[in-house]
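Undergrad: Residue numbers (this note's numbering): 3 to 199.
Every residue, glycine too, gets a C-beta built ideally from N, C-alpha and C.
Sharing a structure, written as structure tokens. Questions coming.
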Amino acid sequence: MSATITTEMVSALRGKTGAGILSCKKALVETNGDIEAAVTLLRKKGEVDAGTKSDRVAKEGLIDSYIHLGGKVGVIIEINCETDFVAKNDDFKQLSRDLCLHIAATNPVCVGRDGVPAELIQKEREIATASLVGKPANIIDKIVEGKLGKIYAEMVLLEQPFVKDDSRTVEQVIKAVIAKTGENIVVRRFVRYALGS
Numbered sequence: 003m004s005a006t007i008t009t010e011m012v013s014a015l016r017g018k019t020g021a022g023i024l025s026c027k028k029a030l031v032e033t034n035g036d037i038e039a040a041v042t043l044l045r046k047k048g049e050v051d052a053g054t055k056s057d058r059v060a061k062e063g064l065i066d067s068y069i070h071l072g073g074k075v076g077v078i079i080e081i082n083c084e085t086d087f088v089a090k091n092d093d094f095k096q097l098s099r100d101l102c103l104h105i106a107a108t109n110p111v112c113v114g115r116d117g118v119p120a121e122l123i124q125k126e127r128e129i130a131t132a133s134l135v136g137k138p139a140n141i142i143d144k145i146v147e148g149k150l151g152k153i154y155a156e157m158v159l160l161e162q163p164f165v166k167d168d169s170r171t172v173e174q175v176i177k178a179v180i181a182k183t184g185e186n187i188v189v190r191r192f193v194r195y196a197l198g199s
């Protein structure tokens, strides 16, 4: 006997996956109303939206390394995904290698904005504001936010232009791999070593 598929079930599945209404209904019919099985089915079909994956737990993955310039610069990165299967995937491994290379080349300070010291941002805000004395407040705010945006783009890994394709940010490169693999991918941490520093 097949389960009755309600609009609430379809909505719940759509909320979890970001897939279209018809795809959600079809997946629920195929899985006899089992929402978790329907999520798996939609993931297998590649119909899960990359934007909905960011809240899913990523505990698998790998720790990768890269040594550059005859042993003068080295990077170690921890990059996580949801399953061991994706951790062994060539796209995931290539992303990890590319991120190591990127970090070696650009020397970011942290993964996301929350890693930038608040006192540094406050100091930069004060310097930018002081240099704009006499301008209207709304213009000062826009200019200061623009200057801070440039600082974040220099210091924050996810906001930097990607070294292999500067038309995209590192975050956009990661999201492209998320869309390919169907899993959440998170750069947990990295360390960059430079000889003598």
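Starting from the C-beta of ILE176, find all residues in its chain whose C-beta is less than 6 Å away, skip the five residues before and the five after it, and write them out in chain order.
TA: Against the sequence shown, residue 176 aligns to sequence position 174. Cβ neighbours of ILE176 beyond the five flanking positions: ILE187.
Undergrad: Is there a C-beta anywhere in chain D that falls below 8 Å from the one on ILE145?
TA: As a matter of chain content, chain D is missing from the structure shown, which is built from one protein chain.
Undergrad: Quick check on ASN140: buried or exposed, where buried means 16 or more other Cβ atoms within 10 Å of its Cβ?
TA: For this step, residue 140 is matched to residue 138 along the sequence shown. The residue is exposed, with fewer than 16 neighbouring Cβ atoms inside 10 Å.
Undergrad: How big is the Cα-Cα spacing for LEU134 and ALA120?
TA: The count along the sequence shown starts at 1 and reaches residue 134 at position 132. The count along the sequence shown starts at 1 and reaches residue 120 at position 118. Each residue's Cα considered, the two are about 21 Å apart.
Undergrad: So GLU67 is in the beta strand (DSSP E); what residue range does that whole segment cover?
TA: If you number the sequence shown from 1, residue 67 lands on position 65. According to the sequence displayed, residue 67 carries Ser and not Glu. Looking at the DSSP string, the run of the beta strand (DSSP E) that includes SER67 is 62-70.
Undergrad: Quick one: is LYS166 buried, meaning 16 or more other Cβ sit within 10 Å of its Cβ, or exposed?
TA: Taking the sequence shown and counting its residues from 1, the one referred to as residue 166 is at position 164. That one is exposed.
Undergrad: Give me, in chain order, the residues of the same chain whose beta-carbon lies closer than 6 Å to that of ILE105; leave out the 5 immediate sequence neighbours on both sides.
TA: In the sequence shown, counting from the first residue as 1, residue 105 sits at position 103. The residues are VAL77, PHE192, ARG194.
Undergrad: With DSSP run on the structure shown, which of helix, strand or coil describes ASN140?
TA: Here residue 140 is taken as the residue at index 138 of the sequence shown, counted from 1. Reduced to three states, the DSSP call for ASN140 is helix.
Undergrad: Just reading off the alpha helix (DSSP H) that ALA181 is part of, what are its end residues?
TA: In the sequence shown, counting from the first residue as 1, residue 181 sits at position 179. 172-183 is the extent of the alpha helix (DSSP H) around ALA181.
Undergrad: As an exercise, report each continuous beta strand (DSSP E) stretch of at least 3 residues that is fully enclosed by the stretch 94-164, in chain order.
TA: Here no run is fully enclosed.
Undergrad: Between THR171 and GLU161, is the Cβ-Cβ spacing less than 8 Å?
TA: Counting from 1 along the sequence shown, the entry for residue 171 is found at position 169. Counting from 1 along the sequence shown, the entry for residue 161 is found at position 159. Their beta carbons are under 8 Å apart, which means THR171 touches GLU161 by this criterion.
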